[in-house]
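For the sequence shown, the working numbering begins at 27 and goes up steadily by one.
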Amino acid sequence: MRKRTISSLLSVKKFNNNKITATAFTKLNSLLPSIYYCQQPQLQNFHQNQFSLFNSTIFNSNNNLNNNNNPSIKNVRVLVLFYSTYGHIYQMAKEVAEGAKEVEGAEVIIKRVPETLPTEILEKMGAIQAQQAFAEVPIATPNELKDYDVIIFGTPTRFGNMAGQMKSFIDGLGQLWVSGALIGKVASVFVSSGTQHGGQESTILSFIPTLLHLGFVYSGLPYSCQSQMGIDEIKGGSPYGSSTIVGGKGERLPSEQERGMARFQGKHATTIGKKLIQ
């Protein structure tokens, strides 16, 4: 009985670019438990073969739909969103963006989150002049994040966590969380710290749960980026994301290897995002 039913569902006349009907899909889905729990070897083989045919039908149907309804490949929209006090993360953000631009069809935008410290505090910190270098970078608004396919966040480390400015911005994403607008988008994180063991990994790791709550798919820095494995120099970088060591007084700019890891991360996250939207 089930054998005839599954066969009839798979041979049902399709419509609209060979798409299987919703009724047929629902019926077949109700029969799937028999595929996994059937105790008779002959029927197990039969159901497995029919299930493979079903997967093939859906795959071909989706391809036809994509080809007919979307004749042009969709561009992947990438936002590199950062906070920087003295410019080190801004330098990394530019490299991440350059890497993202290497992906065909990528539309890449760099924006920053609002500064939350008063001007008089920034003056005492000696940050005013440093921030002039990226003063013309536009400030992002929380609601616009829904318009991007890939969002790559950059933040300096603050006691092993993201900077308060970045946290304040993310705390404003409540409406996007409620609506599910960020679910399925790709996220990645790059960071900086004053010292070699100043919390780079913990900053990214503590960032990731927030991204998962929002529905993001996280993309790190895989070991195919082999420069993170070398011990030829003191440098940042981990499987969780690219990073740079700025020195106790902020005297060190990202090295060429750290810049290379940032470019790799930008390209890697964008490549994943492009695959997910096609």
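Don't be surprised by glycine CBs; every beta carbon is placed ideally from N, CA and C.
The beta carbon of residue 115 sits closer than 6 Å to the beta carbons of 108, 180, 182 and 218 from its chain, once the five residues preceding and following it are set aside; these are given in chain order. In this structure, residue 177 and residue 105 form a Cβ contact; the two beta carbons are roughly 5 Å apart against a cut-off of 8 Å. In the structure shown, residue 216 falls within a strand segment according to DSSP collapsed to helix, strand and coil. The Cβ atoms of residue 199 and residue 168 sit closer than 8 Å to each other. Judged by DSSP in its simplified three-state form, residue 163 adopts coil rather than helix or strand. Secondary structure note for residue 296: its alpha helix (DSSP H) is the uninterrupted segment 282-303. A straight-line Cα-Cα distance of about 14 Å links residue 243 and residue 171. Taking 8 Å as the upper bound for CB-CB distance, residue 206 and residue 241 are in contact here, some 6 Å apart.
Pairing residue 103 with residue 298, the inter-Cα distance amounts to about 12 Å. A direct Cα-Cα distance of roughly 22 Å separates residue 292 from residue 239. Under the DSSP assignment, residue 182 falls in the beta strand (DSSP E) whose first and last residues are 176-184. Taking 8 Å as the cut-off, the beta carbon of residue 122 is found no closer than this to the beta carbon of residue 233. When beta bridges are read from the DSSP output, residue 138 appears opposite 108 and 165.
If you draw a straight line from the Cα of residue 286 to the Cα of residue 221, it comes to about 20 Å. Minimum Cα-Cα distance from residue 283 among the listed residues 301, 252 and 303 corresponds to 252. Shown here for residue 265: same chain residues with a beta carbon closer than 8 Å to its own, the five before and five after excluded, namely 246, 247, 248, 249 and 254 in chain order.
In the displayed model, residue 267 falls within a strand according to three-state DSSP. When 263, 110, 229 and 141 are compared, the shortest CA-CA separation from residue 276 is found for 110. Excluding the 5 residues flanking it on each side, residue 273 has same chain C-beta neighbours closer than 7 Å at 220, in chain order. Close CB contacts of residue 228 within its chain, under the 7 Å cut and outside five residues either way in sequence, are with 186 (chain order).
In the structure shown, residue 259 adopts coil according to DSSP, grouped into three states. For residue 154, the enclosing alpha helix (DSSP H) covers residues 154-157.
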